[in-house]
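Per UniProt numbering, residue 7 is the first one in the sequence shown, and the count goes up by one each step.
C-beta atoms are modelled at their ideal positions from N, C-alpha and C, and glycine is treated no differently.
All figures in this text were calculated on a predicted structure; none of them were measured in a lab.
Okay, structure first, notes after.
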Amino acid sequence: IVDHPRMTVIGTGYLGATHAVCMAALGFDVLGVDVDEGKIEALAEGRTPFFEPGLPEKLREALDSGRLRFTTDFDRAAEFGDIHFVCVGTPQLPGSNAADLRFVDSAFTELARRMTRKALLVGKSTVPIGTASRITAAVQAVSPLGDELELAWNPEFLREGFAVDDTLHPDRLVFGVSSEWAEGQLRAAFRPILDDDTPLVVSDLATAELVKVAANSFLATKISYINAMAEVCEATGADVNQLAVALGYDDRIGPRFLKPGLGFGGGCLPKDIRAFTFRAAELGVGQAVAFLEEVDAINIRRRVRTVDLVRELAGGSLEGVRVAALGAAFKPNSDDVRDAPALDVARMLYLEGASVSVYDPEATENAHRAYPDLDYASSLTEAVTGASVVALLTEWDEFRDADPAALGELVAARHVVDGRHALDADRYRAAGWEYRALGLPAGPHPAAVPAVARVAQPAQQLQPAQVGQASQ
Ligand code: UDX
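Structure (structure tokens):
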């Protein structure tokens with residue numbers, strides 16, 4: 007067992023770039039590897055190809071320390087590493103619920119083919135259960151090391167927006183291993199984190215794979231649970247925010263991930279629950295996770311219902327109505343638009359004939375690439391000016407902090423749909439706005455809300471592009 011292992015990190019998307027930087031920050035020598043030359047060049051120059059608070063500073067510190075370098079050369083990687091972490095993306099296969107494992111398969115085999123001394127291969131990507139044992143056989147078949155070559159699985163639970171902190175101070179570490187040697191290698195690699203009394207679960211490979219999808223499924227279920235309650239609230243006049251607070255005081259339930267609204271999106275939760283459903287069916291236990299299809303369906307219904315609220319405020323039709331869509335990223339402090347509820351709502355509004363102006367503080371470029379036909383404003387002021395309905399879709403601080411009276415001067419009609427329960431309803435109502443949110447009673451109708459202005463609009467056609475982003 008190498009005491010101070012040299013590490014490679016294959017795949018420098020969200021997960022890999024963060025892992026490489028954090029491992030160098032912990033004092034290890036790290037080589038980041040990717041097939042994308044542009045990405046490697048940017049990282050080597052101290053630029054992250056995505057928005058993540060705190061990461062660029064940490065990246066530059068690591069580069070200055072001389073402990074972190076980047077390459078596209080797999081020969082060099084195979085030679086360098088005592089431990090190879092594979093962090094490439096496992097996106098949803100187009101037209102299917104299954105995960106696309108091409109990148110994972112090729113990263114492992116490209117490396118294994120070139121390995122001439124014993125080193126540990128560690129998967130960090132989120133994969134269907136059974137992938138590690140399948141890949142073990144595949145890499146042993148192509149590597150000069152044959153069955154001496156070993157695989158481990160070490161799932162990663164980092165959240166975008168908190169990537170550095172989650173990596174350096176995780177809730178727990180999980181090592182899926184098939185030998186004491188592999189466990190020892192991983193203990194050496196995570197020594198500084200384990201020394202902080204971070205809980206460790208050592209398991210077999212399948213359990214380690216399952217922990218990740220089971221955790222994400224639980225989180226998605228918790229969000230859809232409160233959003234299902236929001237649907238019940240809407241039918242009864244109850245208040246879902248008060249309900250969530252009251253439920254959250256029960257320690258067994260807890261308040262986190264119980265925030266109702268537009269629901270979950272991003273590069274993980276939606277595709278992970280779908281891939282899990284798909285894999286469970288393959289394994290003959292589809293019924294065990296059939297509820298996840300309902301979790302997904304509840305989540306999608308929230309988007310449709312948000313469009314309903316905007317339409318209601320617009321007087322029953324969206325044709326020619328100018329709507330300010332505030333937010334495009336799947337959550338604040340991120341520029342990630344993969345499966346973003348915000349953009350999906352903007353798209354649906356557009357398809358119903360609304361004139362939609364989308365504004366996001368960080369994600370406009372990615373949003374534009376995914377949906378080139380939508381209109382993008384370069385400021386909050388520009389987006390809301392002349393709008394008849396303002397829809398808050400991602401809860402950036404900039405939107406929370408905006409002054410409702412000042413915004414009211416810019417719009418054509420003071421109608422707001424708060425898709426994330428992020429605004430102060432009383433302040434908006436006091437400033438003459440009609441405020442609506444999912445799972446809340448409609449509330450008092452301010453007398454002074456002017457009628458909706460309509461503009462002539464050409465018939466809409468929108469081709470949603472495949473939303474793809476940095477590998478992970
Ligand atoms: C998630 C998991 O949290 C993380 O552990 C895993 O490694 C990757 O997937 P991430 O996708 O970065 O992380 O975002 P997260 O903060 O979990 O939010 C996911 C989505 O759920 C967002 O769209 C967010 O807006 C939504 N959400 C979250 C809610 O709608 N309500 C909540 O109460 C919490």
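Beta-carbon within less than 7 Å of residue i's beta-carbon, same chain only, minus the 5 sequence neighbours each way: which residues are those?
i	result
PRO59	GLY167, ASN339
TYR255	none
ALA286	GLY292, ALA294, VAL295
PHE196	LEU179
ARG119	VAL148, SER149
SER477	Summary for SER477: the model assigns pLDDT 38, below 50, so the residue's position carries little reliability; its value from the coordinates is reported in the next sentence. Excluding sequence neighbours, SER477 sits near GLY17, GLY19, VAL94, GLY95, PHE109.
GLU404	PRO367, LEU386
LYS64	VAL27, ALA31, VAL170
PHE284	ASN103, ALA104
ALA236	VAL246, PRO266, LEU444, GLY445
THR213	GLY182
GLU189	PHE181, VAL183, VAL208
LEU253	ILE259, LEU264
GLY321	VAL458
Quick one: grab the DSSP three-state call for residue i.
i	result
GLY438	coil
ASP381	strand
GLY474	Because GLY474 sits at a pLDDT of 38, beneath the cut-off of 50, its placement in the model cannot be relied upon, and the following sentence gives the value as read from the coordinates. The answer is coil: DSSP assigns GLY474 none of H, G, I, E or B.
ARG344	coil
VAL217	helix
TRP187	helix
LEU324	coil
SER112	helix
LEU127	strand
VAL390	helix
ILE259	coil
LEU446	coil
ARG12	coil
PHE165	In the sequence on display, residue 165 carries Arg and not Phe. Residue state, collapsed to three classes: coil.
VAL238	helix
VAL395	strand
ALA105	strand
Leaving out five residues before and five after residue i in sequence, what residues of the same chain have Cβ atoms less than 6 Å from its Cβ?
i	result
ARG66	GLY52
GLU368	PHE57, ASP341
PHE297	none
ASP35	ARG12, ARG73
ALA360	LEU324, VAL327, VAL329
HIS421	LEU319, VAL395, GLU440
LYS218	THR132, PRO161
ALA389	ALA330, SER363, TYR365, ALA383
VAL423	LEU315, VAL316, ALA397, ARG442
THR14	LEU37, VAL39, ALA83, PHE86, GLY87, HIS90
If you follow the alpha helix (DSSP H) that residue i is in, where does it begin and where does it stop?
i	result
LEU349	347-357
GLU404	403-406
LEU429	Neither: LEU429 is in no alpha helix (DSSP H) and is coded neither H nor E.
ALA376	370-376
ALA250	246-254
GLY414	410-416
LEU268	Note, LEU268: premise wrong, no alpha helix (DSSP H); not H, not E.
Looking at the secondary structure, which residues open and close the beta strand (DSSP E) in which residue i lies?
i	result
SER209	206-209
PHE181	179-182
ALA143	No beta strand (DSSP E) holds ALA143; the alpha helix (DSSP H) holding it covers 137-148.
ASP424	421-424
ALA334	From DSSP, ALA334 is part of no beta strand (DSSP E); its letter is neither H nor E.
VAL362	361-365
LEU157	156-159
CB-CB under 8 Å to residue i, same chain, minus the five flanking residues each way: which ones, in chain order?
i	result
ASP9	ALA194
ASP171	GLY60
LEU107	THR96, VAL133, PRO134, THR137
LEU32	LEU174, PRO198, ILE199
THR77	LEU37, GLY38, VAL39, ILE46, ALA83
GLU299	THR283
Cβ of residue i less than 7 Å from any chain B Cβ?
i	result
ARG328	Protein chains in the displayed structure number just one, and chain B is not present.
Can you list the alpha helix (DSSP H) stretches of 4 or more residues lying completely in the segment 72-96, in chain order?
80-86
Suppose only complete runs of 3+ residues qualify. What are the beta strand (DSSP E) ranges in the segment 24-75, listed by chain order?
36-39
Return the chain-ordered ranges of every alpha helix (DSSP H) run that is complete within the segment 292-326 and spans a minimum of 4 residues.
297-319
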